[in-house]
Amino acid sequence: EDQVTQSPEALRLQEGESSSLNCSYTVSGLRGLFWYRQDPGKGPEFLFTLYSAGEEKEKERLKATLTKKESFLHITAPKPEDSATYLCAVLIQGAQKLVFGQGTRLTINP
Amino acid sequence: DSGVTQTPKHLITATGQRVTLRCSPRSGDLSVYWYQQSLDQGLQFLIQYYNGEERAKGNILERFSAQQFPDLHSELNLSSLELGDSALYFCASSVGGGTPWEKLFFGSGTQLSVL
């Protein structure tokens, strides 16, 4: 069964304390991996798409990387405004749908 | 603001009732997707329409149906509602309808409470 697992479920950091969020997947064939950010009471907001192992994408304090089994979202020197739930999703080969993980709830304390 | 408009924002109804959720995609986007988000299930794909035609189906119950109209807005109909249908329902849109999917633009959702 296709599965997407995100860890940790929740992460609390101090402002400026860098860390990484993990998204591991077990799927029959990966066409793409997506990262979204979701603020409370809002819909997910697109961050990155990664298509092949070794690929990296960066945006401000965020960097997403992809291996054959997992993806990492690295956050460098985070600020309180980076607090949100971060969702990863995979597009499976032969399927016309995104499978989302449960998300990591990130809190950055000032 | 993603450009995707969902109405209503909140809906409170009783078991056994029927409701309609509405979505207007971003200008120019041909695909509309419906997702259900609950605390225990996470974000679950329900159905996708592309230019008026059903393109893909996910975990959508038979009690639920959707359609996309010629002006590209979409409606999700939920009938014979049960307590377990209480959730946040999101609509998303994208430019195309083929694969690989590019980024989706999500609305702010409709919070459905079934009492």
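Protein chains in written order, with this note's numbering: chain V, 1 to 110; chain B, 1001 to 1115.
Here a beta-carbon is modelled for each residue, glycine too, at the ideal position from N, C-alpha and C.
Treat the numbers as computed from the prediction; the structure is a model and nothing was measured.
Cβ pair residue i, residue j closer than 8 Å
i: T1005 (chain B); j: S1027 (chain B); result: no
i: Y25 (chain V); j: E70 (chain V); result: yes
i: L1076 (chain B); j: L1021 (chain B); result: yes
i: V1019 (chain B); j: S1074 (chain B); result: no
i: L30 (chain V); j: I75 (chain V); result: no
i: P110 (chain V); j: P78 (chain V); result: no
i: L87 (chain V); j: L1043 (chain B); result: yes
i: L50 (chain V); j: K57 (chain V); result: yes
i: P100 (chain V); j: N22 (chain V); result: The residue you asked about is not Pro; residue 100 (chain V) is Phe in the sequence shown. Taking 8 Å as the Cβ cut-off, F100 (chain V) and N22 (chain V) do not qualify as a contacting pair.
Integer Cβ distance of residue i from residue j, believed to fall under 8 Å
i: S83 (chain V); j: T107 (chain V); result: 5 Å
i: Q102 (chain V); j: Q6 (chain V); result: 6 Å
i: V1078 (chain B); j: A1092 (chain B); result: The sequence shown places Leu at residue 1078 (chain B), rather than the Val named in the question. At roughly 18 Å, the Cβ-Cβ gap does not stay under 8 Å, so L1078 (chain B) and A1092 (chain B) are not in contact.
i: E1053 (chain B); j: I1047 (chain B); result: No, E1053 (chain B) and I1047 (chain B) are not in contact; Cβ-Cβ is about 11 Å, not under 8 Å.
i: Q38 (chain V); j: T85 (chain V); result: 5 Å
Best match in the options for proximity to residue i [C-alpha to C-alpha]
i: G54 (chain V); options: V:L33, V:G43 and V:E45; result: V:L33
i: Y1089 (chain B); options: B:K1057, B:F1069 and B:Q1111; result: B:Q1111
i: T1007 (chain B); options: B:G1107, B:L1043 and B:L1115; result: B:G1107
i: G16 (chain V); options: V:R61, V:E45, V:P44 and V:C23; result: V:R61
i: Y1050 (chain B); options: B:P1070, B:S1080 and B:K1009; result: B:P1070
i: G1096 (chain B); options: B:L1072, B:D1085 and B:L1083; result: B:L1072
i: L1061 (chain B); options: B:H1010, B:D1040, B:L1039 and B:Y1035; result: B:Y1035
i: E1 (chain V); options: V:K68, V:Q14 and V:S28; result: V:S28
Neighbouring residues, chain V, relative to residue i (Cβ below 7 Å)
i: F1045 (chain B); result: K97 and L98
i: G1109 (chain B); result: G43
Listed by chain order, chain V residues near residue i by CB distance under 9 Å
i: G1096 (chain B); result: Here the premise fails: no neighbours, minimum Cβ distance about 12 Å.
i: F1106 (chain B); result: Y36, Q38, K42, G43, P44, E45 and F46
Chain B contact residues for residue i, given Cβ-Cβ distances below 7 Å
i: Q102 (chain V); result: G1042
Residue i: contacting residues in chain V (beta-carbon distance under 8 Å)
i: S1002 (chain B); result: G43 and E45
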